[in-house]
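Novice:
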Amino acid sequence: MSGDLNQEKILRNKVNRAASKLKYNVYQTQIAAMHESGSHDWWKHMKTIMGLKTNGKSCMQGLANKTTDGDCGLLANTMNDFFVSVSDHLPRLNKSHKVFDVNDELPDQYVISVRTTFNYISM
């Protein structure tokens with residue numbers, strides 16, 4: 001019985017040490033992100049680290065900070081342009097196109113393989 005108690009203490013201590021290390025690493029990463037961003041974002045990062053509510057900015061703010069100087073609108077437009085460009089080579093639909101029901105079998109001309117899509121995006 002005492003062997004089980006000792007084993008339990010050993011495992012508990014390992015879990016507590018692992019949790020402490022992970023928490024330390026998360027905080028270090030968040031502090032590093034805070035230093036990389038401008039001082040204008042410090043309070044937002046501090047609130048995030050402390051678990052307080054922020055002013056409702058997008059969770060994409062970090063990506064916007066790295067790619068578009070923090071401009072979420074520009075990031076949204078950039079992402080939209082990318083997704084539009086992926087399908088630019090496809091013919092545009094007009095009102096004469098038949099709308100298919102979910103249960104209808106799609107004609108082969110409307111089916112694009114994963115390989116074709118991957119090859120096109122990878123160009």
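For what it's worth, UniProt numbering labels the leading residue of the sequence shown as 1, then goes sequentially. Ideal Cβ placement from N, Cα and C applies to all residues, glycine included.
1) Apart from the five residues just before and just after Met60, which ones in its own chain have a Cβ nearer than 7 Å to its Cβ?
2) Between which two residues does the alpha helix (DSSP H) holding Asp81 run?
3) Do you know offhand how far Ser113's Cα is from Arg92's?
4) By a C-beta neighbour count over all protein chains shown, 10 Å radius and 16 as the cutoff for buried, is Ala64 buried or exposed?
5) Any idea what DSSP makes of Val26, helix, strand or coil?
6) Taking Val114 as part of the alpha helix (DSSP H), name the residues at either end of that continuous run.
7) Do you know offhand how far His35's Cα is from Asn80's?
8) Tell me the rounded alpha-carbon separation between Glu105 and Asn77.
Specialist: Result, derived from the coordinates:
1) Cβ neighbours of Met60 beyond the five flanking positions: Cys72, Leu75.
2) Per DSSP, the continuous alpha helix (DSSP H) segment holding Asp81 begins and ends at 72-86.
3) Straight-line measurement puts the Cα of Arg92 at about 19 Å from the Cα of Ser113.
4) Classification of Ala64: buried, given that the 10 Å Cβ count is 16 or more.
5) Helix.
6) First-last of the alpha helix (DSSP H) with Val114: 114-122.
7) Our two residues, His35 and Asn80, have alpha carbons roughly 30 Å apart in a direct line.
8) Going from the Cα of Glu105 to the Cα of Asn77 covers about 34 Å.
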